[in-house]
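Engineer: Line order of the protein sequences matches chains U and L.
Each position in the first sequence, counted from 1, maps to that position plus 2 in the working numbering.
Each position in the second sequence, counted from 1, maps to that position plus 5 in the working numbering.
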Amino acid sequence: MWPLKSPTSPSVPADVGANGTARLKVCLVSIPTATDFEDPVQFESEGVRETAADIPLGVLSLAAVLEEIGVVPQVVDSNAWYIEYLDSDARLNRASFSQYAAARLAALDADLYGFSTICNSYPVTIQTAGHLKELRPSAVTLFGGPQASVVDVATLRHFPFVDFILRGEADRSLPEFVTRLAAGLPPETVPGITYRSAGEPRRHPDAPLPVEMDALPLPAFHLYPMATPTRSIPLELGRGCPFGCTFCSTNDFFRRRFRLKSPAKLIEEMDILADRYAVEYFDLMHDMFTVDRRRVATFCEAMIESGRGHRWGCSARTDCVDQELIELMARAGCVSIFFGIESGSPRMQKIIDKGLDLDESRRNAALTTRNGMRTTVSTIMGFPEETLDDVRATVAFLAESLREPEMVTQLHLLAPLAGTPLEVAYRDRLVLEDVYTDMSHSGWVQGDRERRLIAAYPDVFQNFYAIPTPHLDRRYLQELREFVLRTTSRFRWMLAAWQDRCGDLLTLYDEWRAWSRGLVPHQRGCDMRRYYAMWDFDRDFVRFLRSRPAAARGEFECVLLEFEEALLEVIREEPYGSRTADVKVLASDMRLGLNPHVYVLHLDSDVTRVVELLRAHHPPDESIHRPAIVATRGVSEDEIEVVRISPLTAEFLELCDGSLTVDEALQRFAPRCTPVGSLTAWDMATCALQRTYRNKLVRPFAGERGAACASPVESMSAA
Amino acid sequence: MATDKIGKKGDTYGVNLELQRELTSEEADFVAKTLEMTASALRLHLKDDVAFEKPNKPKRPR
Numbered sequence: 003m004w005p006l007k008s009p010t011s012p013s014v015p016a017d018v019g020a021n022g023t024a025r026l027k028v029c030l031v032s033i034p035t036a037t038d039f040e041d042p043v044q045f046e047s048e049g050v051r052e053t054a055a056d057i058p059l060g061v062l063s064l065a066a067v068l069e070e071i072g073v074v075p076q077v078v079d080s081n082a083w084y085i086e087y088l089d090s091d092a093r094l095n096r097a098s099f100s101q102y103a104a105a106r107l108a109a110l111d112a113d114l115y116g117f118s119t120i121c122n123s124y125p126v127t128i129q130t131a132g133h134l135k136e137l138r139p140s141a142v143t144l145f146g147g148p149q150a151s152v153v154d155v156a157t158l159r160h161f162p163f164v165d166f167i168l169r170g171e172a173d174r175s176l177p178e179f180v181t182r183l184a185a186g187l188p189p190e191t192v193p194g195i196t197y198r199s200a201g202e203p204r205r206h207p208d209a210p211l212p213v214e215m216d217a218l219p220l221p222a223f224h225l226y227p228m229a230t231p232t233r234s235i236p237l238e239l240g241r242g243c244p245f246g247c248t249f250c251s252t253n254d255f256f257r258r259r260f261r262l263k264s265p266a267k268l269i270e271e272m273d274i275l276a277d278r279y280a281v282e283y284f285d286l287m288h289d290m291f292t293v294d295r296r297r298v299a300t301f302c303e304a305m306i307e308s309g310r311g312h313r314w315g316c317s318a319r320t321d322c323v324d325q326e327l328i329e330l331m332a333r334a335g336c337v338s339i340f341f342g343i344e345s346g347s348p349r350m351q352k353i354i355d356k357g358l359d360l361d362e363s364r365r366n367a368a369l370t371t372r373n374g375m376r377t378t379v380s381t382i383m384g385f386p387e388e389t390l391d392d393v394r395a396t397v398a399f400l401a402e403s404l405r406e407p408e409m410v411t412q413l414h415l416l417a418p419l420a421g422t423p424l425e426v427a428y429r430d431r432l433v434l435e436d437v438y439t440d441m442s443h444s445g446w447v448q449g450d451r452e453r454r455l456i457a458a459y460p461d462v463f464q465n466f467y468a469i470p471t472p473h474l475d476r477r478y479l480q481e482l483r484e485f486v487l488r489t490t491s492r493f494r495w496m497l498a499a500w501q502d503r504c505g506d507l508l509t510l511y512d513e514w515r516a517w518s519r520g521l522v523p524h525q526r527g528c529d530m531r532r533y534y535a536m537w538d539f540d541r542d543f544v545r546f547l548r549s550r551p552a553a554a555r556g557e558f559e560c561v562l563l564e565f566e567e568a569l570l571e572v573i574r575e576e577p578y579g580s581r582t583a584d585v586k587v588l589a590s591d592m593r594l595g596l597n598p599h600v601y602v603l604h605l606d607s608d609v610t611r612v613v614e615l616l617r618a619h620h621p622p623d624e625s626i627h628r629p630a631i632v633a634t635r636g637v638s639e640d641e642i643e644v645v646r647i648s649p650l651t652a653e654f655l656e657l658c659d660g661s662l663t664v665d666e667a668l669q670r671f672a673p674r675c676t677p678v679g680s681l682t683a684w685d686m687a688t689c690a691l692q693r694t695y696r697n698k699l700v701r702p703f704a705g706e707r708g709a710a711c712a713s714p715v716e717s718m719s720a721a
Numbered sequence: 006m007a008t009d010k011i012g013k014k015g016d017t018y019g020v021n022l023e024l025q026r027e028l029t030s031e032e033a034d035f036v037a038k039t040l041e042m043t044a045s046a047l048r049l050h051l052k053d054d055v056a057f058e059k060p061n062k063p064k065r066p067r
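1. Can you round the beta-carbon distance between LEU30 (chain U) and ALA65 (chain U) to whole angstroms, since I take them to be within the 8 Å contact cut?
2. Please specify which runs of the alpha helix (DSSP H), each continuous and at least 4 residues long, are wholly inside the region 246-284 of chain U, giving them in chain order.
3. At a CB-CB cut-off below 7 Å, which residues of chain L make contact with ILE195 (chain U)?
4. Looking only at C-alpha atoms, which of U:VAL602, U:ILE235 and U:PHE179 sits nearest to LEU286 (chain U)?
5. Counting only Cβ pairs nearer than 7 Å, list the residues of chain U close to GLU32 (chain L).
6. Would LEU358 (chain U) and ILE343 (chain U) qualify as a contact pair, given that the criterion is a beta-carbon distance under 8 Å?
7. Between ILE269 (chain U) and chain L, is any beta-carbon pair separated by less than 8 Å?
8. When the cut-off is 8 Å and only beta carbons count, does ASP640 (chain U) lie next to chain L?
9. Does the Cβ-Cβ distance between ILE456 (chain U) and LEU434 (chain U) come in under 8 Å?
10. Measure the alpha-carbon distance for THR439 (chain U) versus LEU415 (chain U) and round it to whole angstroms.
11. What would DSSP say about HIS627 (chain U), mapped onto helix, strand or coil?
12. Between the Cα of LEU432 (chain U) and the Cα atoms of U:ALA499, U:PHE385, U:ARG169 and U:PRO212, which residue gives the shortest distance?
13. For LEU369 (chain U), count neighbouring C-beta atoms within 10 Å of its own C-beta (all shown protein chains included) and say buried if the count is 16 or more, exposed if not.
14. Could you give the first and the last residue of the continuous beta strand (DSSP E) run that contains ARG646 (chain U)?
15. Residues of the region 35-46 of chain L in Cβ contact with chain U at a cutoff of 7 Å, in chain order, please.
16. Smallest Cα separation from LEU650 (chain U): which of U:ARG550, U:GLY311, U:CYS689 and U:GLU639?
17. Establish whether the CB of ALA150 (chain U) and some CB of chain L are separated by less than 8 Å.
18. Please confirm whether VAL645 (chain U) has its beta-carbon closer than 8 Å to some beta-carbon of chain L.
19. Taking Cβ positions only, does ARG581 (chain U) come closer than 8 Å to chain L?
20. What's the C-alpha gap between LEU275 (chain U) and THR248 (chain U)?
21. Counting only the same chain and skipping the five closest in sequence on each side, list residues whose C-beta sits under 6 Å from that of PHE45 (chain U).
22. Do we get a CB-CB distance below 8 Å when we pair VAL609 (chain U) with the residues of chain L?
23. With contact counted as at least three CB pairs below 8 Å, one residue from each stretch, are the region 461-472 of chain U and the region 506-521 of chain U in contact?
24. Going along the chain, which residues of its own chain have a beta-carbon closer than 6 Å to the beta-carbon of GLY49 (chain U), five neighbours each way excluded?
25. For the candidate residues U:TYR601, U:SER638, U:LEU594 and U:VAL600, whose alpha-carbon lies nearest to that of LEU668 (chain U)?
26. Might you give, ordered along the chain, the residues of its own chain that have their beta carbon closer than 7 Å to the beta carbon of PRO219 (chain U), omitting 5 neighbours on each side?
27. Would you call the region 439-448 of chain U in contact with the region 408-422 of chain U, where contact means no fewer than 3 C-beta pairs closer than 8 Å?
28. Name the chain L residues that come within less than 7 Å of LEU650 (chain U), Cβ to Cβ?
29. Scan the region 689-703 of chain U for residues whose Cβ lies nearer than 9 Å to a Cβ of chain L and list them as they occur along the chain.
30. From which residue to which residue does the beta strand (DSSP E) around VAL410 (chain U) run?
31. Would the beta-carbon of VAL645 (chain U) fall within 8 Å of that of ALA630 (chain U)?
32. What residue does the beta strand (DSSP E) around HIS604 (chain U) start on, and which one ends it?
33. Just to confirm before moving on: does the CB-CB distance between PHE166 (chain U) and THR127 (chain U) stay below 8 Å?
34. Take VAL212 (chain U) as the anchor and find which of U:SER175, U:VAL379 and U:GLY201 has the nearest alpha-carbon.
35. Residues of chain L with CB under 8 Å from VAL613 (chain U), in chain order?
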């Protein structure tokens, strides 16, 4: 498969010797998390761009411990390189990203290349190291991180261009490795190293766990091209999870010993970073932060006492929080929390050794949202023992969560992560098929090179294989995931209404699947995933809902369907990225248009009332049947919000079609307004302008009559 | 609404959004009612003719 060469002992660089570490050129390569996304539609999406901008905490933590011994490594941002690759001549010349990255790495002329690894991008990392070794045979290639740590022996056995693997947490072992390499000493005695001896992989015993988290230096963010201000920054709270869920790889890498930084240390780090990068949000990393309630409370109290008002998020188990703790966390600045629920089936909770009480999970997840935290509930399907009823329960759990507007739902397809109890138990029965799991590959399609590599080395790339599911069709599950992903973000309240009435969202999916058999491309693979990400699906889904017998539709669903149909009727393409600049003074000769994504809908029923009732767990009542006018408005680049407006507001918005100036619109609108007290009709018209502008519904612009969409918004500021 | 302000008829030079006087509470109530704009919890993903949700990812890379 790979162009194998005889394994050779890596050479210590000729110009490095007993003089110490200073002359050793070290390059640390971050994980290429964006390389799953080749399709331009995906790559240009906000979600993928955010993922590509993730700061590589692991590599920067290791860079910091190297700086302590006098080595300043070069840190490579693989995702930034991938973005450059997409527009490069190399790509046009059919070079792979691995070849492109290897050429750039070789040009850095380092003596030691350290690659951080995770399961998703392991094929890319392997290929990059292979190409690099061809270009720089004398350089040492070192792997570390979660994936290489558990497939170390197989990696060294199959890929001779990987010289060493440092397993587990390398905060102490990497400096020792570099020191020995710089001194010209063999690194085979470094704790936690996997190396070759006489061509065969050998493992030195594990390195002891770094116990004192406070002794670790601040990650070397200064070596990374950080933006200032930085919207979000990851920071480590601690490590280790005492639980032993069968699917989870955390225990393989960070072990089960719970460790936590002291509140003083963490707050000191947050203060430094906030001051240096104007950080808005800290993504606090820990495998199971909330397991020690007392220490969490101490941390929160220290955060409150510090008075800095840092905003942060963390992950937790729903059985490790309660109302008092949630309220305390909220006061301490926690605005985001991630709960791994895994399954909505009590039976599966036991089988996978998660052991959550799902009623408690529902309660506590709802509590976090009501305390202002953006809450993610994450689930997985595709366990080998799982039945359709278990999946039904999981989907129902998610559907019930949709009533909380700040709840984010996730539904993953299981991947057998290497070294987990599940993977070990099923290692001999794994199958390679074309049903991708998002836990391993988030793109729509995986390249042929990667697929061939995965097929050739199952003991290295287990996560791309599947555990057989005798009770479930995995294609059904894969499409279900896409269906849930799209419908929860696009038709959230329709799903909530369905769940409210039927209690079984899976029946809706089954009906849809039968109805759409000729529409969904092959109901599999890349085309299927692309279909569910496009408007085509939205339109088809609304048609499907309309095609169902009226008698089979609940009152909430009727109102929501009317809204969806009205929206699809008026929606049209808009330019991307049109934003309204803040202005204080509007020139009267500016023109007035609607902002992108603003549509006014006159409905026979009140869709906003439906949402209010669903949120409050109230049944339908008369109020939903009153005629209502709503407007949509953009709240982010890819999300709109519905606003209930009065008939008078709607009249004003209808005047804002780009043809009238501010003065003309006010002149026409004022006669329709009723004065009250000392408030004149003109005052009312001005209020309408102010309020619609401040609510991001209208935009004034300088330009020719009727040229609303083409006018650069920037001209407003100048005006 | 009590902090909302109103402008007055501009001539050729414009309408100032920070002008003049604050509304009385009676006026503010009237404006709020007749020019209602009430945000709802109804939000949906919508990005022109194509959309892509953020990839589902676990909290910590694996």
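Just so you know, even glycine gets a beta-carbon here, dropped at the ideal spot from N, CA and C.
Structural biologist: Answer, in terms of the structure:
1. As a first step, residue 30 (chain U) is located in the first sequence; it is residue number 28 there, counting from the start. As a first step, residue 65 (chain U) is located in the first sequence; it is residue number 63 there, counting from the start. Correct: roughly 6 Å between the Cβ atoms.
2. 252-256 and 265-279
3. Here residue 195 (chain U) corresponds to residue number 193 of the first sequence, with the count starting at 1. Those do not exist, as ILE195 (chain U) stays about 22 Å from chain L at its closest Cβ, beyond 7 Å.
4. Position 284 of the first sequence, counted from the start, is the residue given in the question as residue 286 (chain U). Cα-wise, what sits closest to LEU286 (chain U) is U:ILE235.
5. Along the second sequence, read from residue 1 onward, the residue named residue 32 (chain L) stands at position 27. The answer, in chain order, is VAL678, GLY679 and LEU681.
6. Working through the first sequence from its first residue, we reach residue 358 (chain U) at position 356. Working through the first sequence from its first residue, we reach residue 343 (chain U) at position 341. Yes, Cβ-Cβ distance for LEU358 (chain U) and ILE343 (chain U) is below 8 Å.
7. Mapped onto the first sequence, residue 269 (chain U) falls at position 267. Cβ-Cβ to chain L under 8 Å: no for ILE269 (chain U).
8. Along the first sequence, one-based indexing puts residue 640 (chain U) at 638. Yes, ASP640 (chain U) lies at the interface with chain L (some Cβ there is under 8 Å from its Cβ).
9. Along the first sequence, one-based indexing puts residue 456 (chain U) at 454. Along the first sequence, one-based indexing puts residue 434 (chain U) at 432. Contact flag set, yes.
10. As a first step, residue 439 (chain U) is located in the first sequence; it is residue number 437 there, counting from the start. As a first step, residue 415 (chain U) is located in the first sequence; it is residue number 413 there, counting from the start. Near 5 Å, if we compare the C-alpha coordinates of LEU415 (chain U) and THR439 (chain U).
11. The sequence position of residue 627 (chain U) within the first sequence is 625, counting from 1. In the structure shown, HIS627 (chain U) sits in a helix (DSSP, three-state: H, G or I).
12. Position 430 of the first sequence holds residue 432 (chain U). Taking only the C-alpha atoms, the option nearest LEU432 (chain U) is U:PHE385.
13. Sequence index remark: in the first sequence, residue 369 (chain U) carries index 367 (1-based). That one is buried.
14. Locating residue 646 (chain U) in the first sequence gives position 644, where the first residue counts as 1. Counting along the chain, the beta strand (DSSP E) containing ARG646 (chain U) begins and ends at 641-647.
15. PHE35, VAL36, THR39, LEU40, GLU41, MET42, THR43, ALA44, SER45 and ALA46
16. Translated into positions along the first sequence, residue 650 (chain U) becomes position 648. Considering only alpha carbons, the answer is U:CYS689.
17. Stepping through the first sequence from its first residue, residue 150 (chain U) is reached at position 148. Cβ-Cβ to chain L under 8 Å: no for ALA150 (chain U).
18. The sequence position of residue 645 (chain U) within the first sequence is 643, counting from 1. With 8 Å as the cut-off, VAL645 (chain U) counts as an interface residue toward chain L.
19. The residue labelled residue 581 (chain U) in the question sits at position 579 within the first sequence. Note that ARG581 (chain U) has pLDDT 47, beneath the 50 cutoff, so the model's placement of it is unreliable and the number below is only indicative. So, not an interface residue.
20. Locating residue 275 (chain U) in the first sequence gives position 273, counting from the first residue. Locating residue 248 (chain U) in the first sequence gives position 246, counting from the first residue. So the alpha carbons of these two residues sit roughly 36 Å apart.
21. Here residue 45 (chain U) refers to the residue found at position 43 when the first sequence is read from its first residue. If we look at PHE45 (chain U) and ignore the five residues flanking it on each side, its Cβ neighbours are PHE39.
22. By one-based count along the first sequence, residue 609 (chain U) stands at place 607. With 8 Å as the cut-off, VAL609 (chain U) counts as an interface residue toward chain L.
23. Between the region 461-472 of chain U and the region 506-521 of chain U there are fewer than three C-beta pairs closer than 8 Å, too few to call the two in contact.
24. Counting from one through the first sequence, the residue named residue 49 (chain U) turns up at place 47. Apart from sequence neighbours up to five positions away, no residue of its chain approaches GLY49 (chain U) with a beta-carbon distance below 6 Å.
25. Working through the first sequence from its first residue, we reach residue 668 (chain U) at position 666. Among U:TYR601, U:SER638, U:LEU594 and U:VAL600, the Cα nearest to that of LEU668 (chain U) is on U:LEU594.
26. Stepping through the first sequence from its first residue, residue 219 (chain U) is reached at position 217. Answer for PRO219 (chain U): ALA66, VAL67 and GLU70, listed in chain order.
27. yes
28. Counting from one through the first sequence, the residue named residue 650 (chain U) turns up at place 648. Within chain L, THR39 and LEU40 have C-beta atoms less than 7 Å from the C-beta of LEU650 (chain U), given in sequence order.
29. Per Cβ criterion, the list reads CYS689, ALA690, LEU691, GLN692, ARG693, THR694, TYR695, ARG696, ASN697 and LEU699.
30. In the first sequence, the residue the question calls residue 410 (chain U) occupies position 408. 409-415 is the extent of the beta strand (DSSP E) around VAL410 (chain U).
31. On the first sequence, residue 645 (chain U) is found 643 positions in, with the first residue counted as 1. On the first sequence, residue 630 (chain U) is found 628 positions in, with the first residue counted as 1. Going by C-beta atoms, VAL645 (chain U) is not nearer than 8 Å to ALA630 (chain U).
32. Numbered from its first residue, the first sequence carries residue 604 (chain U) at position 602. Taken as a continuous stretch (DSSP letters only), the beta strand (DSSP E) holding HIS604 (chain U) covers 602-605.
33. In the first sequence, counting from the first residue as 1, residue 166 (chain U) sits at position 164. In the first sequence, counting from the first residue as 1, residue 127 (chain U) sits at position 125. No, Cβ-Cβ distance for PHE166 (chain U) and THR127 (chain U) is not below 8 Å.
34. Here residue 212 (chain U) refers to the residue found at position 210 when the first sequence is read from its first residue. As written in the sequence, residue 212 (chain U) is Pro, which differs from the Val given in the question. The residue with the shortest Cα to Cα distance from PRO212 (chain U) is U:SER175.
35. Within the first sequence, the letter at position 611 stands for residue 613 (chain U). SER45, ALA46 and LEU47, listed in chain order.
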